[in-house]
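The opening residue of the sequence shown carries number 73 in this note's numbering; numbering runs sequentially from there. Since the structure comes first, as structure tokens, the remarks are kept for the end.
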Amino acid sequence: MQERIKTTLITGFLGAGKTTLLNHIVSHPTEKVALLVNEVGSVHIDEALIERSDEEMIELTNGCICCSIRGDLREALLRIAKKRRAGEMVFDRLLIETTGIADPGPILQTFYFEPAIEQQYQLSSVITVVDAYHLERELTFEENVRQIGFADVLLLNKVDLVSDAVRTDIIARLQVLNPTAHIIPTVESRVEVANLFETFHFPKAEEERLLQQDDRFERAADSFTALTITEVQPLNRNRFGAVLREVLEAYAEDLYRYKGIIHFADTDQKTILQGTGMIYGTAVRGMFEQEKQTTLVFIGKNLDEQAIRKGVKAAIEHG
């Protein structure tokens with residue numbers, strides 16, 4: 073059986089530089105990629121790279137492939153997986169480019185709720201391209217704020233158009249909106265491509281960023297909220313599981329991303345929590361290098377800080 077297809081979702085503000093980033097990736101590939109977009113023609117791939125094309129697929133001279141979404145995303149993903157198994161498409165990674173107003177939530181859910189997709193694809197990163205020059209205006213749109221909340225990597229583009237002081241303020245603002253995302257300032261979306269991938273499942277750098285978070289609650293943009301909870305007392309595994317289920321049921325689709333390093337009473341090893349919407353997973357990640365504690369980050373809409381904090385406190389191991 074073939075390995076699951078490594079998949080990266082690229083989203084971001086209208087005009088922020090997604091197409092520029094895509095051209096940069098396919099022009100400087102670290103591996104063969106297939107690019108899935110709404111319409112192949114809308115990406116404006118450099119014609120010098122095009123080797124052959126048909127109605128649905130463009131093959132590039134460097135081995136990369138561009139495909140268009142015709143109809144349902146699920147069906148497009150199944151077609152691509154079938155062609156890859158048959159040897160009709162040869163690539164290492166799938167990139168999915170969303171429109172500037174797309175909500176990443178339903179796209180991410182496709183990879184979890186659809187068994188046929190989950191069996192064949194593995195999410196490796198969620199990248200949001202942010203327009204540094206127009207940030208304040210763009211944050212008035214809820215879709216853009218959600219895109220920031222879902223991201224593992226925030227590509228802060230057009231930093232050459234703002235002063236150093238404004239750039240510092242913007243980075244601080246983004247860190248409030250998404251405390252654990254890796255923020256990469258860029259000009260014309262130029263970036264070391266390898267830094268964009270394999271970030272979805274808690275790389276070491278993200279774990280370190282999470283452990284540095286302070287206990288706080290931020291209402292960052294209208295109803296958008298980011299809650300960080302730290303707890304030094306160990307948690308009871310079963311009680312925390314019940315609390316987490318209650319949180320998910322209460323907020324459902326309004327809980328964009330949540331992550332955590334958990335200190336359970338029945339083990340000296342760290343437990344990693346990673347979730348989006350109603351779907352989450354946990355994994356054991358070695359011993360605590362420093363003081364044992366639980367650090368949780370919840371990013372979403374209209375989160376009830378006191379209720380969530382009370383739930384975590386109720387999960388503390390007693391006796």
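For each residue, glycine too, the CB sits at the ideal point set by N, CA and C. In this text the structure is predicted, and so the values were computed from the model without any measurement.
>> With H, G and I counted as helix, E and B as strand and the rest as coil, what does DSSP make of Ser125?
In response: Note that Ser125 scores a pLDDT of 42, beneath 50, so its modelled location is shaky; the value from the coordinates is reported in the next line. Three-state result, Ser125: strand.
> Three or more C-beta pairs closer than 8 angstroms, one from the stretch 247-260 and one from the stretch 333-343: is that the case here?
Replying inline: They do not touch, by the three-pair rule.
>> By the three-class DSSP mapping on this structure, what secondary structure does Tyr205 have?
In response: The answer is coil: DSSP assigns Tyr205 none of H, G, I, E or B.
>> Relative to the C-alpha of Gln191, which candidate in Thr297, Thr354, Leu149, Phe213 has its C-alpha closest?
In response: Per the Cα distances, Leu149.
>> Buried or exposed for Ser295, going by 16 or more other Cβ atoms inside 10 Å?
In response: By the Cβ neighbour-count rule, Ser295 is exposed, with fewer than 16 other Cβ atoms within 10 Å of its own.
> The beta strand (DSSP E) with Pro257 in it runs from where to where?
Replying inline: Segment 254-257, the beta strand (DSSP E) holding Pro257.
>> Restricting to Cα atoms, I'd like to know which of Thr91, Thr79, Gly89 is closest to Lys29.
In response: In the structure as shown, the chain starts at 73 and stops at 391, and residue 29 therefore has no counterpart that could be examined.
>> What does the alpha-carbon distance come out to for the pair Lys154 and Gln181?
In response: Cα-Cα distance, rounded: 21 angstroms.
>> Counting beta carbon pairs with one atom in the stretch 374-386 and one in the stretch 346-353, are three or more of them shorter than 8 angstroms?
In response: Not touching, per the Cβ criterion.
> When you compare only the Cα positions, how much space is there between Asp209 and Gly87?
Replying inline: With the sequence shown as reference, residue 209 is identified as Arg, and Asp is not the correct amino acid for it. Distance from the CA of Arg209 to the CA of Gly87, rounded to the nearest whole angstrom, comes to 13 angstroms.
> Under a Cβ-count criterion, where at least 16 other Cβ atoms within 10 Å of its own Cβ denotes burial, should Ala188 be classed as buried or exposed?
Replying inline: When all chains shown are included, Ala188 counts as exposed.
>> Within the continuous alpha helix (DSSP H) that includes Glu402, where are the two ends?
In response: Lying outside 73 to 391, the shown extent of the chain, residue 402 is not represented and no answer is given.
> Using a Cβ-Cβ cut-off of 6 angstroms (strictly less than) and excluding sequence neighbours within five positions of Leu38, which residues of its own chain qualify?
Replying inline: As shown, the chain starts at 73 and ends at 391. That puts residue 38 outside it, with no answer to give.
> Thr343 bridges to which residues according to DSSP?
Replying inline: The partner list for Thr343 (beta bridge, DSSP) reads Ile334, Val356.
> Which residue spans inside the stretch 213-299 form an unbroken alpha helix (DSSP H) run of at least 4?
Replying inline: Every alpha helix (DSSP H) of 4 residues or more that sits fully in the stretch 213-299 is shown, in chain order, as 214-222, 236-249, 276-283.
>> DSSP three-state label for Arg309, please.
In response: Note: Arg309 maps to helix in three-state DSSP.
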